[in-house]
Amino acid sequence: MELFNLDRPIIELASSQERGSWNVRHALEGVQIFGGIGSGKTSGSGRMLALKYLAQGFGGLVLTVKPDEKQAWQEYCRLTGRERDLLVLEPNGTHRFNFLQYESRQSQNSITENIVEVLKTVIRAGEAKDSGKSDDAFWETALDMLIFNVIDLCQLAYGKLSLQQMYDIVQTIPKSHEQLQTSVNEGEAKAFQQAFEAARKRVTENMDEWFNRLPAHKQAALQNEPEFEAELLQALPEARLLKFLDQFFFDSFISLSEKTRSIIDFTFSGFLFRLLREPVYSLFCRQDSTLTPEDCWHGKIILLNLPVKLYHKVGRDCQILFKYIWQRAMEKRPITASSRPVFLWADEAQNFLHEHDADYQATARSSRIATVYISQNLPNYYACMGGQKAEYRVKSFLGTLGTKIFHANADIETNKYASDQVQITETGTDGAG
Numbered sequence: 346m347e348l349f350n351l352d353r354p355i356i357e358l359a360s361s362q363e364r365g366s367w368n369v370r371h372a373l374e375g376v377q378i379f380g381g382i383g384s385g386k387t388s389g390s391g392r393m394l395a396l397k398y399l400a401q402g403f404g405g406l407v408l409t410v411k412p413d414e415k416q417a418w419q420e421y422c423r424l425t426g427r428e429r430d431l432l433v434l435e436p437n438g439t440h441r442f443n444f445l446q447y448e449s450r451q452s453q454n455s456i457t458e459n460i461v462e463v464l465k466t467v468i469r470a471g472e473a474k475d476s477g478k479s480d481d482a483f484w485e486t487a488l489d490m491l492i493f494n495v496i497d498l499c500q501l502a503y504g505k506l507s508l509q510q511m512y513d514i515v516q517t518i519p520k521s522h523e524q525l526q527t528s529v530n531e532g533e534a535k536a537f538q539q540a541f542e543a544a545r546k547r548v549t550e551n552m553d554e555w556f557n558r559l560p561a562h563k564q565a566a567l568q569n570e571p572e573f574e575a576e577l578l579q580a581l582p583e584a585r586l587l588k589f590l591d592q593f594f595f596d597s598f599i600s601l602s603e604k605t606r607s608i609i610d611f612t613f614s615g616f617l618f619r620l621l622r623e624p625v626y627s628l629f630c631r632q633d634s635t636l637t638p639e640d641c642w643h644g645k646i647i648l649l650n651l652p653v654k655l656y657h658k659v660g661r662d663c664q665i666l667f668k669y670i671w672q673r674a675m676e677k678r679p680i681t682a683s684s685r686p687v688f689l690w691a692d693e694a695q696n697f698l699h700e701h702d703a704d705y706q707a708t709a710r711s712s713r714i715a716t717v718y719i720s721q722n723l724p725n726y727y728a729c730m731g732g733q734k735a736e737y738r739v740k741s742f743l744g745t746l747g748t749k750i751f752h753a754n755a756d757i758e759t760n761k762y763a764s765d766q767v768q769i770t771e772t773g774t775d776g777a778g
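With the working numbering applied, the sequence shown corresponds to residues 346 to 778, in that order.
Below is the structure:
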């Protein structure tokens, strides 16, 4: 018998006509709980599902908005004998997660891509509330290119990534060619120029080593500058990267208008600034990791005790960052018949949505991820998934959650949505006859 049978009942259901069950397979299709203030969505349905999932041996990730959620989950784990499985990531706690260190474990060719994807997902999750701006392809592309090139410059110059170095580089990129020339004339090398000098030095050393290894006749044939450059760029990937960096920063980025440049700069540097402040810096950037998303595969429950009500935007950003990294890790897991289900839990879930949620939820079942999102009403989701077509995004996302639980609610739109869902179910049942 497999260790985690997907047909194992979680909740027994009964009516006057028949008996049935809501099982693990249903849990993996996702749950959305709606309910107004005081309706029991957290203390009723939420508590019941949490205890059931813990009793089934699920691992999981818990995101927090309210300060009392840590205490609630400690009680849930105590009631189900899972106290030793609860890992709390919090200020002044025992656990750390260094996300740059974690993402840098990947192959060298994918490090930049992975980190850029994580950073821009968190940044855009914050921007989504600004109507329209998150849908502008120019801003998205410009921000992507800045993040890509700053990370590549750090890697090429120093062989590793540091959040502080990235922030310092962004802060010291010259605002104009005149400012660049002035700093050169005055011999004042700030972080951006220091990084470029270190990158050029490294590439020059590699270039000299490469050239000296060539046979004499090959060296003689490469005296022509265009031919030499073409051969060099083919032979040394870092030389090609340096050329890209040079073109981006000195030909494109410095030439942007002041207003455009300032928006892109402050979007990225403002995000980095929040991560560099304590207690977030020590939790996510400075020390070695004591836990990773993969711990959930083995039954651990990771609780991020950075409640949004206390830590506001930086608490939200850090939890979305960990959530997205966790989702990607869960999807990479090789699934077998005995693979342990894991849950993703978010009360006041509208605080933690990002642009990839619908895509990940669409394949959550095959990755054995049981999502539980709790929120008061649909407008909460609309407000946090702003920009054009917010309603379609929200409805598309909710369509990936197989079970909807509706508590008492004063919101008309949510109640109409609930009524439509019930009507669809009844129609489908009648049609099956």
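Don't be surprised by glycine CBs; every beta carbon is placed ideally from N, CA and C.
So, L649 versus F629, is the Cβ gap smaller than 7 Å? In this structure, L649 keeps its C-beta atom at 7 Å or more from the C-beta atom of F629.
Distance CB(I599)-CB(P519) smaller than 7 Å: Contact check for I599 against P519 passes: the beta carbons are separated by less than 7 Å.
Mapping DSSP to helix, strand and coil, what is Q792? Beyond the ends of the chain as shown, which are 346 and 778, falls residue 792; an answer cannot be given.
Among S764, S741, A487, nearest to T605 - alpha-carbon criterion: With distances taken between CA atoms, T605 lies nearest to A487 out of S764, S741, A487.
Would you call Q766 buried or exposed, if buried means 16 or more other Cβ atoms sit within 10 Å of its Cβ? Label assigned to Q766: exposed.
CA-to-CA distance, I719 to C499, given in whole angstroms: Linking C499 to I719 through their CA atoms gives a straight-line distance of about 40 Å.
Going by other Cβ atoms of all chains shown within 10 Å of its Cβ, with 16 needed for buried, is A715 buried or exposed? Its Cβ being crowded by 16 or more others within 10 Å, A715 is buried.
So, for T759: in the same chain, excluding its five sequence neighbours on each side, which residues have a beta-carbon less than 7 Å away from its beta-carbon? Spatial neighbours of T759 in its own chain (CB-CB distance under 7 Å, excluding positions within 5 residues in sequence) are listed in chain order as F379, N722, L723.
Span of the alpha helix (DSSP H) around S741: Counting along the chain, the alpha helix (DSSP H) containing S741 begins and ends at 735-743.
Taking Cβ to Cβ, would you say C689 is nearer than 7 Å to H440? As written in the sequence, residue 689 is Leu, which differs from the Cys given in the question. In this structure, H440 does not lie closer than 7 Å to L689 by Cβ.
According to the neighbour-count rule (16 or more other Cβ atoms, all chains shown, within 10 Å of its Cβ), is K658 buried or exposed? Counting every other CB atom within 10 Å of its CB across the protein chains shown gives K658 a total below 16, marking it as exposed.
Note the first and the last residue of the continuous alpha helix (DSSP H) segment covering K658. In the DSSP assignment, K658 falls within the alpha helix (DSSP H) that extends over 653-677.
Among residues of its own chain, excluding the 5 on either side of Y421, which ones have a beta-carbon nearer than 7 Å to its beta-carbon? Same-chain partners within the cutoff: A395, L396, L399.
Considering only C-alpha positions, which residue in the set E676, V495, E572 is nearest to D704? Out of E676, V495, E572, E676 has the C-alpha closest to the C-alpha of D704.
Check whether the Cβ atoms of E374 and G747 sit closer than 7 Å, and answer yes or no. Taking a C-beta distance under 7 Å as the contact criterion, E374 and G747 qualify as a contact pair.
Report, in whole angstroms, the separation of the C-beta atoms of R370 and D352, which I expect to be a contact under 8 Å. Contact between R370 and D352 is confirmed by a C-beta separation of about 6 Å, below the 8 Å threshold.
What three-state label does DSSP hand F403 in the structure shown? DSSP places F403 in coil when its eight states are reduced to three.
Cβ pair A536, D513 closer than 7 Å: Closer than 7 Å, so yes.
Report the residue from E485, D481, I750, S634 whose alpha carbon sits nearest the alpha carbon of R450. Selected option, being the one with the closest Cα: S634.
On a Cα-Cα basis, can you pick out the residue from R713, A417, Y669, A728 that is closest to Q695? Answer by Cα proximity: A728.
Quick check on DSSP: helix, strand or coil for T457? Of the three classes helix, strand and coil, the one that applies to T457 here is helix, per DSSP.
Taking the beta strand (DSSP E) that Q720 falls in, what are its first and last residues? Sequence inspection shows Ser at residue 720; the Gln mentioned does not correspond to that position. Run containing S720: 714-720, per the beta strand (DSSP E) assignment.
Going by other Cβ atoms of all chains shown within 10 Å of its Cβ, with 16 needed for buried, is S764 buried or exposed? Exposed.
Can you tell me the Cβ-Cβ gap for D610 and V461, rounded? I've got them flagged as a contact below 8 Å. Under the criterion of beta carbons closer than 8 Å, D610 and V461 do not qualify as touching, at roughly 17 Å.
For V548 versus A584, is the C-beta spacing smaller than 7 Å? For V548 and A584, yes; Cβs fall inside 7 Å.
How big is the Cα-Cα spacing for L432 and Q526? When rounded, the distance between both Cα atoms is 52 Å.
Cα-Cα separation, Y503 to L567: Taken atom to atom, the span from the alpha-carbon of Y503 to that of L567 is near 30 Å.
Which of helix, strand or coil does DSSP assign to D413? D413 falls in the coil class under three-state DSSP.
Does the Cβ of F697 have 16 or more other Cβ atoms within 10 Å, making it buried, or fewer, making it exposed? Answer is buried; the Cβ neighbour count reaches 16.
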